[in-house]
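First residue of the sequence shown? That's 1 in full-length UniProt numbering, and the numbers climb one at a time after it.
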Amino acid sequence: MHQSEPFAGEEVDESGPSVESKNQEERITARRLRIAARNEAETRQELGEDSQGKEDVQEETRKSQKEVEKSKRHMTKLQSDGLELVTNIQVAVDARESDRRTELEEACRLRREKLENEAKSSQEKFEEITHKWTDAKMKQTPLDLRDALNSQQQLCEQILADKNKLISELQQELKASDDRFVKDLKRQAKDIDLLIERMEEQISSLKKSYREDLQQIEVLYCHLQPTV
Numbered sequence: 001m002h003q004s005e006p007f008a009g010e011e012v013d014e015s016g017p018s019v020e021s022k023n024q025e026e027r028i029t030a031r032r033l034r035i036a037a038r039n040e041a042e043t044r045q046e047l048g049e050d051s052q053g054k055e056d057v058q059e060e061t062r063k064s065q066k067e068v069e070k071s072k073r074h075m076t077k078l079q080s081d082g083l084e085l086v087t088n089i090q091v092a093v094d095a096r097e098s099d100r101r102t103e104l105e106e107a108c109r110l111r112r113e114k115l116e117n118e119a120k121s122s123q124e125k126f127e128e129i130t131h132k133w134t135d136a137k138m139k140q141t142p143l144d145l146r147d148a149l150n151s152q153q154q155l156c157e158q159i160l161a162d163k164n165k166l167i168s169e170l171q172q173e174l175k176a177s178d179d180r181f182v183k184d185l186k187r188q189a190k191d192i193d194l195l196i197e198r199m200e201e202q203i204s205s206l207k208k209s210y211r212e213d214l215q216q217i218e219v220l221y222c223h224l225q226p227t228v
């Protein structure tokens, strides 16, 4: 009779019943024990492979989850960096606007002070002219009267010169204000263009990163799917 080979992983107990025994019951018992050992070996092998498969799935799942978390951190950083670039423009614009308002307030203060000083000076000269008219009426000789009139004329000319000077200064300030307004408009247009450019770059960068990260995640899940 041909002796059956032991199954892989099966251990043959030489001290137990033998299939070559002359006793029939012993041979039957030996065959039953060998079949049981073979079945047990097959079960152990199947369980081992199934456990390895689960470990592989778990490892791939961990990799996928890590990639998703990495993608989230990456996108969050991109959004934060993009927001900072846009915010920097707004901060610069706000700073310039604050400086402009400060300059305007200072210019208004100086202009009011100048107008008040000029009005005070004119009033003093006008009072001096009025007082000298009273003195001129008391002059007895034509020469004294002529000198008094010349003095009055000089005071009047001084008042007019001061007024003309003030008008000229105000006109120059007005022109400078107009030039500054045009310059501010051009600067604001550049700021808007720069803001739009940075926003477009940010959108493009985010789209590209979204696509790349999504592709990487899809590759991992596609690699995981057949295993599942």
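Even glycine gets a Cβ: it sits at the ideal position worked out from N, Cα and C.
Values in this document were obtained by computation on a predicted structure and should not be read as measured data.
* To do: Could you pull out every residue in the same chain whose Cβ sits closer than 6 angstroms to the Cβ of Glu212, ignoring the five residues on either side in sequence?
  => none
* If Val86 sits next to Arg187, beta carbons under 8 angstroms apart, how far is it from one beta carbon to the other, in whole angstroms? -> Not a contact, Cβ separation roughly 17 angstroms.
* Asked: Where does Ala30 land, buried or exposed, given buried means 16+ other C-beta within 10 angstroms?
  -> buried
* Under the assumption that Ile167 contacts Gln152 (Cβ atoms under 8 angstroms), give the Cβ distance between them as a whole number of angstroms. => Not confirmed; about 23 angstroms, so no contact.
* Asked: What is the rounded straight-line gap between the Cα of Ile217 and the Cα of Ile35?
  -> 48 angstroms
* **Segment contact, 8 angstroms Cβ cut-off, at least three pairs: the region 107-125 with the region 145-162** => yes
* Pull up the distance between the alpha-carbon of Ile89 and that of Gln58, whole angstroms please. => 47 angstroms
* To do: Kindly list the residues whose CB is nearer than 7 angstroms to the CB of Asp135, restricted to its own chain and excluding five residues on each side of it in sequence; keep chain order.
  => Ala148
* To do: Could you pull out every residue in the same chain whose Cβ sits closer than 6 angstroms to the Cβ of Ser80, ignoring the five residues on either side in sequence?
  => none
* **Alpha carbon of Arg146 to alpha carbon of Met138, nearest angstrom** => 12 angstroms
* To do: Please report the Cβ distance between Glu173 and Ala107, rounded to the nearest whole angstrom; I am assuming they are in contact, meaning their Cβ atoms lie under 8 angstroms.
  => 7 angstroms
* Asked: If we ignore side chains and look at the alpha-carbon of each, how far apart do Asp144 and Glu127 end up?
  -> 21 angstroms
* To do: Out of Leu185, Arg32, Ile196 and Arg96, state which residue places its alpha-carbon closest to the alpha-carbon of Gly82.
  => Ile196
* Asked: What separation, rounded to the nearest whole angstrom, lies between the Cα atoms of Glu20 and Cys222?
  -> 55 angstroms
* In chain order, which continuous runs of the alpha helix (DSSP H) of length 4 or greater are located wholly inside the region 104-146? -> none
* Nearest to Ala92 by CA position, among Leu206, Leu214, Ile192 and Ser71, is which residue? -> Ile192
* To do: Taking only the alpha-carbon atoms, compute the straight-line gap between Leu78 and Lys66 and give it to the nearest angstrom.
  => 18 angstroms
* **Cα-Cα separation, Arg73 to Lys63** => 15 angstroms
* To do: In angstroms with no decimal places, state the Cα-to-Cα distance between Glu11 and Thr76.
  => Any reading at Glu11 needs caution, since the residue's pLDDT is 46, under 50, leaving its predicted position unreliable; the model's value is listed next. If you take the alpha carbons of Glu11 and Thr76, they lie about 59 angstroms apart.
* Pairwise C-alpha distance: Thr43 and Lys22 -> 32 angstroms
* To do: Tell me whether Ser168 sits in a helix, a strand or coil according to DSSP, three-state version.
  => helix
* Mind checking whether Leu155 and Lys125 have CB atoms under 8 angstroms apart? -> yes
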